[in-house]
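Residue numbers (the numbering used here), protein chains in the order written: chain A, 75 to 188; chain B, 667 to 780.
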């Protein structure tokens with residue numbers, strides 16, 4: 075079974091609008107961490123934001139916030155006031171406490187339209 | 667500057683010709699990993715290492731070898747490359763185990779096996 079599911083292969087969003095990238099996960103481990111990475115066309119992986127399973131508040135980092143709904147096992151990334159430079163591939167990933175790896179979703183390609 | 671470096675960045679080779687992709691980190695991280703990225707599949711872990719001389723298989727280890735003789739280096743070896751190993755490869759490192767440990771990624775190595 076997929077541990078991380080990103081159901082939106084591609085999205086087009088108008089510049090300055092907010093965008094939500096979906097991510098659902100599957101784990102029986104009560105302790106886990108969720109990550110979002112950005113991969114621009116140049117290829118590097120850029121860490122954006124982290125949410126721990128026991129964190130009481132949703133994580134925020136500048137224009138990025140994570141809409142964490144534990145009961146629904148979802149960890150959606152919200153980008154406010156999108157910019158052309160936000161066009162990239164976005165990956166959701168999870169680390170379980172007993173694991174030594176990040177398990178990645180298949181990614182969402184976001185395109186910001188001027 | 668704290669970083670993970672990989673060499674080469676681009677490589678075109680032929681089936682069966684042994685190759686090594688080097689990876690080095692200057693952050694004194696204990697954990698290092700190799701991932702491969704393929705379209706529609708996201709990133710998948712090949713091997714990881716928790717410390718010098720300690721390595722273990724990830725999700726897709728077939729056809730690859732690794733070694734960790736020094737803390738800073740974690741080379742990926744393809745003894746007999748095949749076309750299905752054509753992919754984008756990332757080396758990553760993180761300080762230690764634990765949920766919140768941001769993985770720092772290298773710039774990637776694009777490998778083509780003819």
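We put the CB at the ideal spot given by N, CA and C, even for glycine.
Taking 8 Å as the threshold (beta carbon to beta carbon), is residue 126 of chain A in contact with chain B?
Yes, residue 126 of chain A lies at the interface with chain B (some Cβ there is under 8 Å from its Cβ).
Where do the N-terminal and C-terminal ends of the beta strand (DSSP E) with residue 87 of chain A fall, by residue?
Unbroken beta strand (DSSP E) run through residue 87 of chain A: 84–88.
So, using beta-carbon positions, are residue 775 of chain B and residue 755 of chain B closer together than 8 Å?
With respect to residue 755 of chain B, residue 775 of chain B sits close: the two C-beta atoms are nearer than 8 Å.
Taking the DSSP output, what are the residues bridged to residue 150 of chain A?
DSSP links residue 150 of chain A through a beta bridge to A:141.
Could you list which residues in chain B have their beta carbon closer than 7 Å to that of residue 17 of chain A, in chain order?
Residue coverage of chain A in this structure runs from 75 to 188, which leaves residue 17 of chain A outside it and unanswerable.
Is it true that the CB of residue 726 of chain B sits closer than 8 Å to the CB of residue 710 of chain B?
Cβ atoms of residue 710 of chain B and residue 726 of chain B: closer than 8 Å.
Inter-residue spacing [alpha-carbon to alpha-carbon] between residue 674 of chain B and residue 683 of chain B:
Pairing residue 674 of chain B with residue 683 of chain B, the inter-Cα distance amounts to about 15 Å.
Within 8 Å of any Cβ in chain A, is that where the Cβ of residue 773 of chain B sits?
Contact with chain A is found for residue 773 of chain B, since one of that chain's Cβ atoms lies less than 8 Å from the residue's Cβ.
Among B:712, B:740, B:750 and B:747, which residue has its Cα nearest to the Cα of residue 718 of chain B?
Ranking B:712, B:740, B:750 and B:747 by Cα distance to residue 718 of chain B puts B:740 first.
Could you list which residues in chain A have their beta carbon closer than 7 Å to that of residue 756 of chain B, in chain order?
Within 7 Å Cβ-Cβ: 119.
By the three-class DSSP mapping on this structure, what secondary structure does residue 129 of chain A have?
Note: residue 129 of chain A maps to coil in three-state DSSP.
Using only the alpha-carbon positions, how far apart do residue 188 of chain A and residue 141 of chain A sit?
Computed Cα separation, rounded: 26 Å.
What residues in the stretch 733–753 of chain B have a beta carbon less than 7 Å from any beta carbon of chain E?
Looking for chain E here will not work: the only protein chains present are A and B.
Relative to the C-alpha of residue 117 of chain A, which candidate in A:153, A:177, A:162 and A:186 has its C-alpha closest?
Nearest of A:153, A:177, A:162 and A:186 to residue 117 of chain A, Cα basis: A:162.
For residue 681 of chain B, the first and last residue of its enclosing beta strand (DSSP E):
Taken as a continuous stretch (DSSP letters only), residue 681 of chain B belongs to no beta strand (DSSP E), as it is neither H nor E.
Residues of the stretch 710–729 of chain B whose Cβ lies closer than 7 Å to any Cβ of chain A, in chain order
Within the stretch 710–729 of chain B, the residues whose Cβ lies closer than 7 Å to any Cβ of chain A are, in chain order, 711, 714, 716 and 724.
Residue 676 of chain B versus chain A: which residues are under 8 Å apart at the beta carbon?
Proximity of chain A to residue 676 of chain B at the Cβ level (cut-off 8 Å) is not reached, the minimal Cβ distance being about 11 Å.
Is the distance from the Cβ of residue 189 of chain A to the Cβ of residue 89 of chain A below 8 Å?
The shown model of chain A, from 75 to 188, leaves out residue 189 of chain A, and the question about it has no answer.
Taking the straight line between their C-alpha atoms, what separation do you get for residue 669 of chain B and residue 94 of chain A?
Near 30 Å, if we compare the C-alpha coordinates of residue 94 of chain A and residue 669 of chain B.
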